[in-house]
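Each protein sequence line maps, in turn, to chains A and B. For the numbering used here, add 35 to where a residue sits in the first sequence, where the first one is 1. For the numbering used here, add 3 to where a residue sits in the second sequence, where the first one is 1. Quick notes on the structure that follows.
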Amino acid sequence: DAKTTQPPSMDCAEGRAANLPCNHSTISGNEYVYWYRQIHSQGPQYIIHGLKNNETNEMASLIITEDRKSSTLILPHATLRDTAVYYCIVRVPYGGAQKLVFGQGTRLTINP
Amino acid sequence: EPEVTQTPSHQVTQMGQEVILRCVPISNHLYFYWYRQILGQKVEFLVSFYNNEISEKSEIFDDQFSVERPDGSNFTLKIRSTKLEDSAMYFCASSEIRASETQYFGPGTRLLVL
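Structure follows, in C-alpha cells:
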C-alpha cells in the first residue's frame, strides 16, 4: 500500500471549515483513499473514501487532485466534537480482508 | 445503525493469565479483524479472518495469540499467557465482501496486564 504524509497537528476555529491535507504521491491506479478519525482512545471511525472523484457524505467532503497524489478532507462546519486524530490511508479495497495501515495521523484541535 | 460491539470494555489481569476478548461484528459482515493500540502509539494490525481461517497476521500475532469464531455471531481474540507489553486497547473491526470493503471498528477493550 502507498505511504501517506500528513501534518502532525492542526488547529481550527469552531464553525469554520477544517481542511486536512494528505500526500500520497506513490498511490497506484487501483488504490482508494480512506479517511478515519479517532476521538480520544475510542475505536477508529470511518469518515469517507474515494478513488478519483470528489466525494461528499453527511460527515465530510473528500477532494482528490487530478493526479491523485494528494487529497484534502474537509469538515465544512467544525464543532468541538470534531477534535480527534485524523488518519489518511491508501489501500486496495478488494482482494479479501485487506488490513488498514495507520500512520500517526493529524491531531486536529477545534478551538471555541 | 448496525455497529461492532466489544466486551469487556476494560480487563485487568495478572501476567501469565489467559484472557479472551470478545467481539460481535456487524451481522452481514464476513471479514473480521483485530487491531491493537499501545498507549500513545499507532493503531497496529494484528490479524484478519475470513471463512473460519486466518487471512493475514502480523509479526505481533505470535503463538500466544489465537482467534476464533465459536458461533455465528462472536469473534474472539485469546491471549494465552499475557505479558506486561500486551497492555493496550484492542479493537475489533468487520467489513462486508464488496467493492469498498470499508472496515467498521468497535469501541475497544482496554487490557491492563499487571
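The beta carbon of each residue, even a glycine, is placed where N, CA and C say it ideally should be. Nothing here was measured: the structure is a model prediction, and the numbers come from that model.
Need the endpoints of the beta strand (DSSP E) that His-59/A sits in, please.
For the purposes of this step, residue 59/A is taken as residue 24 along the first sequence, with counting starting at 1. Element bounds for His-59/A: n/a, residue is neither H nor E.
Within-7 Å CB hit, Pro-5/B to chain A:
Position 2 of the second sequence, counted from the first residue, corresponds to residue 5/B. No - not a single Cβ of chain A is within 7 Å of the one on Pro-5/B.
Give me whichever residues DSSP pairs with Asn-146/A in a beta bridge.
Counting from 1 along the first sequence, the entry for residue 146/A is found at position 111. Note: Asn-146/A sits in a beta bridge opposite Ala-48/A.
Return helix, strand or coil for Leu-87/B, following the three-state DSSP convention.
Position 84 of the second sequence holds residue 87/B. It is helical.
For Gly-19/B, which residues in the same chain have their Cβ closer than 7 Å to its Cβ, ignoring the five residues on either side in sequence?
The residue labelled residue 19/B in the question sits at position 16 within the second sequence. Excluding residues within five positions, the ones whose Cβ falls inside 7 Å are Ser-84 and Thr-85.
Secondary structure at Arg-116/A, three-state DSSP: helix, strand or coil?
The residue you call residue 116/A lines up with position 81 of the first sequence. Note: Arg-116/A maps to helix in three-state DSSP.
Quick one: is Ser-30/B near chain A, going by C-beta distance under 7 Å?
Counting from one through the second sequence, the residue named residue 30/B turns up at place 27. At a cut-off of 7 Å between C-beta atoms, Ser-30/B does not count as an interface residue with respect to chain A.
In terms of residues, what are the limits of the beta strand (DSSP E) holding Arg-72/B?
Locating residue 72/B in the second sequence gives position 69, counting from the first residue. Run containing Arg-72/B: none; DSSP gives neither H nor E here.
For Pro-147/A, which residues from the same chain have a beta carbon less than 7 Å from its beta carbon, with the 5 sequence-adjacent residues on both sides left out?
Here the question's residue 147/A lines up with position 112 in the first sequence. The beta carbon of Pro-147/A sits closer than 7 Å to the beta carbons of Glu-49 and Leu-115 from its chain, once the five residues preceding and following it are set aside; these are given in chain order.
Nearest-angstrom Cβ-Cβ length linking Leu-33/B and Ile-100/B, presumed shorter than 8 Å
Within the second sequence, residue 33/B is the residue found at index 30, counting from 1. Within the second sequence, residue 100/B is the residue found at index 97, counting from 1. Contact between Leu-33/B and Ile-100/B holds, with the beta-carbon distance rounding to 5 Å and staying under 8 Å.
May I ask you to report which of helix, strand or coil DSSP gives Lys-104/A?
To locate residue 104/A, count along the first sequence from 1; it is residue 69. Coil.
By a C-beta neighbour count over all protein chains shown, 10 Å radius and 16 as the cutoff for buried, is Arg-72/A buried or exposed?
Taking the first sequence and counting its residues from 1, one reaches residue 72/A at position 37. Buried.
Whole angstroms is fine: what's the gap from Lys-45/B's alpha carbon to Glu-62/B's?
Mapped onto the second sequence, residue 45/B falls at position 42. Mapped onto the second sequence, residue 62/B falls at position 59. About 15 Å.
Are the C-beta atoms of Lys-60/B and some chain A residue less than 7 Å apart?
Locating residue 60/B in the second sequence gives position 57, where the first residue counts as 1. The beta-carbon of Lys-60/B is placed no less than 7 Å from the nearest beta-carbon of chain A.
As assigned by DSSP and simplified to three states, the class of Lys-81/B:
What you label residue 81/B is simply residue 78 of the second sequence in a count that begins at 1. In the three-state reduction of the DSSP assignment, Lys-81/B falls in the strand class.
Measure the C-alpha to C-alpha separation of Ile-23/B and Glu-88/B and round it to an integer number of angstroms.
By one-based count along the second sequence, residue 23/B stands at place 20. By one-based count along the second sequence, residue 88/B stands at place 85. Cα atoms of Ile-23/B and Glu-88/B: separation of roughly 16 Å, rounded to the nearest angstrom.
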